[in-house]
Amino acid sequence: MKNIQPKILSYSRLTNQQLILNGETLLSNKELSPNDWLSNIYKYIKMDYPKFFKMDRLSKAGILASEIAMNHLAQNSSEVKDNWAICCFNHAASLDDDLAYQKTIEPDNFYPSPSVFVYTLANIVTGEIAIKYKIKGETSFYVSEQFSPTLYIESVQNIFNDSPDIDYIMGGWVEYLENHCDVLMMIVARECDGSSLDLNEENLKKLI
Amino acid sequence: MKVLYNIGDCIFSPMGSTTSENVQALSEGHSALAYYDGAFNLPEPFFASLFEKNHIEHTFANRAKEAFRYTRFEKIAILAAAGAIQNADIDASRKEVLFILSTTKGNIELLENQDGFEKERLFLWRSAQLIAQYFGNPNEPLVVSNACISGCAAQIAAARALTNPQYKYAVVIGADVLSKFVISGFQSFKALSPELCHPFDADRTGLNLGEGAAAIVYTHFDNHPKVNANTLCLLRGAICNDANHISGPSRTAEGLFAAIEKTMQNFDKESIAFINAHGTATRYNDDMESIAIQRAQLSACPVNSLKGYYGHALGAAGVIEVILSAQALLQNRIWKTRGTQNTGTASPIRVPLHEEKTLKTAFLKIISGFGGGNAALLLAQKGGIR
Chain R
1 MKNIQPKILS YSRLTNQQLI LNGETLLSNK ELSPNDWLSN IYKYIKMDYP KFFKMDRLSK
61 AGILASEIAM NHLAQNSSEV KDNWAICCFN HAASLDDDLA YQKTIEPDNF YPSPSVFVYT
121 LANIVTGEIA IKYKIKGETS FYVSEQFSPT LYIESVQNIF NDSPDIDYIM GGWVEYLENH
181 CDVLMMIVAR ECDGSSLDLN EENLKKLI
Chain S
1 MKVLYNIGDC IFSPMGSTTS ENVQALSEGH SALAYYDGAF NLPEPFFASL FEKNHIEHTF
61 ANRAKEAFRY TRFEKIAILA AAGAIQNADI DASRKEVLFI LSTTKGNIEL LENQDGFEKE
121 RLFLWRSAQL IAQYFGNPNE PLVVSNACIS GCAAQIAAAR ALTNPQYKYA VVIGADVLSK
181 FVISGFQSFK ALSPELCHPF DADRTGLNLG EGAAAIVYTH FDNHPKVNAN TLCLLRGAIC
241 NDANHISGPS RTAEGLFAAI EKTMQNFDKE SIAFINAHGT ATRYNDDMES IAIQRAQLSA
301 CPVNSLKGYY GHALGAAGVI EVILSAQALL QNRIWKTRGT QNTGTASPIR VPLHEEKTLK
361 TAFLKIISGF GGGNAALLLA QKGGIR
């Protein structure tokens, strides 16, 4: 098995308080509600993607963080990317949406909606990212108690080792539960020249 | 990908409590699907494959050693894993064993009635920890939640995890239980059939859901005492996204076709005995699979679906169906597609309506799901690998 040292080409960090790109704070939030904060970021980065408004908050957070990391790379985001994969982890799976859906099936208030139900799967956020950037490689979603740099690095290396046709992996940690937002979205390359960050435990601990 | 050997498996489903009970029921043409009116307090009736009331509790109480309270979901996962571990004859409390759990919704029914369980039980990682701890296993389990493809994705995850020298065995468990939450959601999608499902039928009317659990113990050691010519090997697997729609398949079967191509690369198509498809009996899924099969030039190969027996068991489907297909191969059989009379899909495919015989030694498993994911797995008997 080839020993690969993947590199982090760019990363974004999104919490209720801050939006960070490659270590630099782009926006801070003091008074906006969690929903307004996400909409505000959408405007700030001049995103034009009407589907965004139909998404659940987990997908919104994932898409915004991906867009910021992607913009930095000057990639043609509308080009088909069959050499890209997506690999995400989180803590609560789709529990934020599960709680919302549960409210629609109470005995005295029964009106289940397919547009809410569809988001009650953890991996939908990876599907939304795949659609937005036409990523046609693997999409994988795992659930863990907390973000494990060791496990993330292993997962990335395993995808690169297993799939010689994959050169880039978008992903990281994408969590949204009851107004708590915590996203680290990285674009990792199999190999690249230049001064990009190594994907290693020390660096990941700093980023999260 | 590393070749994995199945050294023990178990299906705990409404069809039976062991792999052989399930195979027996399947051979006799039984189906666990039944009509339910008023179940889970749902206003609309539905067809599904459900465990009989108290069956899980009774079975678990008879086998389990401790008083700790587990949920229905955790119990079926433990029962399936215990069966597989017993067949494999391994000590699951050792550090060389990794548990991998595939599920879509875990304990989601606790949202309606917490039943005295702590809130933490809503988290999939918590259930997985408790399942692994039941066996005294010290490792943090891996949880795969990739909608309907989870069971196959978990087997690919096992092949990858076993490249880590710490591990010798992976216990892959697929499990999901049905609830008001899940059934009402599929009803709101208008995806459920008002009758027994007819996979790949020209007049198919939608899917039936099912619940159940299954587990496989995989190792990558080909010199393991349990490995022989009949052992089923997971040779390759791939996952590809359609990048098209979060709840509908690609019209051109983009992702599934790509996953099959990657999996079948340089493998002799002639040695494939059958393709075990997802075959949910929804119009779009079955058409999409037929298109992928045709594009991959596999139209001559028999294609079956087991949904007429089990319904769609969500995170368990990929594990249950791989085990049953392996058993078919071992007995030189191709399961029929129960419930289907007149095949009719966008691309013509060959769906056996009666059981057939085969002397071939490999099969292809395909599966697709919400979020645009598609997976393909190639499995073969060890003695048949050229």
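Protein chains in written order, with my numbering: chain R, 1 to 208; chain S, 1 to 386. No residue lacks a Cβ here, since even glycine has one placed at the ideal position from N, Cα and C.
Who are S:GLN381's beta bridge partners in DSSP?
By DSSP's assignment, S:GLN381 forms a beta bridge with S:LEU232.
Counting contacts by CB-CB distance shorter than 8 Å, is S:ILE108 in contact with chain R?
Taking CB atoms only, S:ILE108 has a neighbour in chain R less than 8 Å away.
Round the Cβ separation of S:TRP125 and R:GLU145 to the nearest angstrom and send it over; I've been treating them as touching at under 8 Å.
Confirmed, about 5 Å.
Out of S:ALA157, S:ASN107, S:ILE100, S:ALA316, which one is the CA nearest neighbour of S:ASN139?
The shortest C-alpha separation from S:ASN139 is found at S:ILE100.
Beta-bridge partners of R:TYR142, as assigned by DSSP
Beta-bridge pairing by DSSP links R:TYR142 to R:PHE89, S:VAL144.
Less than 7 Å between C-beta atoms, sequence neighbours within five positions excluded: which residues of the same chain meet that for S:ARG121?
In chain order, THR71, ASN107, LEU110, SER127 place their CB closer than 7 Å to the CB of S:ARG121, counting only its own chain and leaving out the 5 sequence neighbours on each side.
Against R:ILE101, what residues of chain S qualify as contacts under a CB-to-CB distance less than 9 Å, listed in chain order?
A quick correction: the sequence has Tyr, not Ile, at residue 101 of chain R. Here the neighbours are LEU111, PHE181, SER184, GLY185.
Measuring alpha carbon to alpha carbon, tell me which residue in S:SER31, S:THR361, S:GLN86, S:ILE349 is nearest S:VAL217.
Of S:SER31, S:THR361, S:GLN86, S:ILE349, the residue nearest in Cα terms is S:GLN86.
Below 8 Å between beta carbons: does that hold for S:ALA84 and S:GLY206?
Their beta carbons are not under 8 Å apart, which means S:ALA84 does not touch S:GLY206 by this criterion.
Exposure of S:THR361, with buried meaning 16 or more beta-carbon neighbours within 10 Å:
S:THR361 is buried by the Cβ-count criterion.
Any idea which residues DSSP pairs S:ALA81 with across the strands?
DSSP lists no partner for S:ALA81.
Along the chain, which unbroken stretches of the alpha helix (DSSP H) at least 4 residues long are found entirely within the segment 65-114 of chain R?
Complete alpha helix (DSSP H) runs here, min 4: 95-102.
Cβ-Cβ distance between S:ALA281 and S:PHE257 below 8 Å
The answer is no: Cβ separation not under 8 Å.
Measure the Cβ-Cβ separation of S:GLY372 and S:ASP242 and say whether it is below 8 Å.
In this structure, S:ASP242 lies closer than 8 Å to S:GLY372 by Cβ.
Contact the segment 88-103 of chain S vs the segment 143-157 of chain S: 3+ CB pairs below 8 Å
They touch, by the three-pair rule.
Report the neighbours of S:THR104 on chain R: residues whose CB is nearer than 7 Å to its CB, in chain order.
Within chain R, LEU121 have C-beta atoms less than 7 Å from the C-beta of S:THR104, given in sequence order.
Spatial distance of S:LYS262 from S:GLU355 (CA atoms):
The alpha-carbon separation between S:LYS262 and S:GLU355 amounts to approximately 29 Å.
What residue range is occupied by the uninterrupted beta strand (DSSP E) comprising S:ASN6?
Unbroken beta strand (DSSP E) run through S:ASN6: 4-12.
Chain R contact residues for S:GLU28, given Cβ-Cβ distances below 7 Å
The CB of S:GLU28 never comes closer than 7 Å to any CB in chain R; the least such distance is about 35 Å.
With contact counted as at least three CB pairs below 8 Å, one residue from each stretch, are the segment 57-75 of chain R and the segment 173-190 of chain R in contact?
Result yes; three or more Cβ-Cβ pairs closer than 8 Å.
Euclidean distance between Cα positions of S:GLU321 and S:GLU254:
The straight-line gap from Cα to Cα measures roughly 23 Å.
Which residues in chain S sit within 7 Å of R:ASP98, going by Cβ to Cβ distance?
Simply ILE108, LEU111.
Going along chain R in order, which residues have a C-beta closer than 7 Å to the C-beta of S:PHE200?
Near S:PHE200 there are no residues of chain R at all, since even the closest Cβ is about 24 Å away, more than 7 Å.
Using a Cβ distance threshold of 8 Å, determine whether the segment 182-193 of chain R contacts the segment 3-13 of chain R, with at least three qualifying pairs required.
Yes, the segment 182-193 of chain R is in contact with the segment 3-13 of chain R.
Are S:GLN294 and S:SER347 touching if we call contact CB-CB under 8 Å?
It is a contact, given that the beta carbons lie within the stated cut-off.
Of all the CB atoms in chain R, is at least one closer than 8 Å to the CB of S:SER20?
It does not; no Cβ of chain R falls within 8 Å.
Distance, Cα to Cα, S:ILE78 vs S:LEU235?
Inter-residue distance for S:ILE78 and S:LEU235 is about 27 Å (C-alpha atoms, whole angstroms).
Collapsed DSSP secondary structure at R:ASN16 in the structure displayed:
Coil at R:ASN16, not helix or strand.
contact_flag[the segment 167-176 of chain S, the segment 101-108 of chain R] where n(CB pairs < 8 Å) is 3 or more
Under the Cβ criterion (8 Å, minimum of three pairs), the segment 167-176 of chain S does not count as touching the segment 101-108 of chain R.
Identify which residue in S:TYR309, S:THR358, S:CYS240, S:THR231 has its Cα closest to the Cα of S:GLY383.
Closest in alpha carbon position to S:GLY383, among S:TYR309, S:THR358, S:CYS240, S:THR231, is S:THR231.
Determine the contact status of R:ILE131 and S:ASN244, defining contact as a CB-CB distance below 8 Å.
The criterion of a C-beta distance shorter than 8 Å is satisfied by R:ILE131 and S:ASN244.
Contact the segment 154-173 of chain R vs the segment 176-193 of chain S: 3+ CB pairs below 8 Å:
These segments do not touch.
What's the gap between the Cα of S:ASN223 and the Cα of S:ASP89?
Distance between the alpha carbons of S:ASN223 and S:ASP89: 15 Å.
Quick one: list the residues of chain S neighbouring R:GLY172, beta-carbon separation under 7 Å, in chain order.
Under the 7 Å cutoff, chain S gives no residues; its nearest Cβ is about 16 Å from R:GLY172.
What is the rounded straight-line gap between the Cα of R:LYS7 and the Cα of R:LYS51?
So the two alpha carbons sit approximately 31 Å from each other.
So, with DSSP's three-state summary, where would you put R:ILE159?
Looking at R:ILE159 - three-state DSSP - the assignment turns out to be helix.
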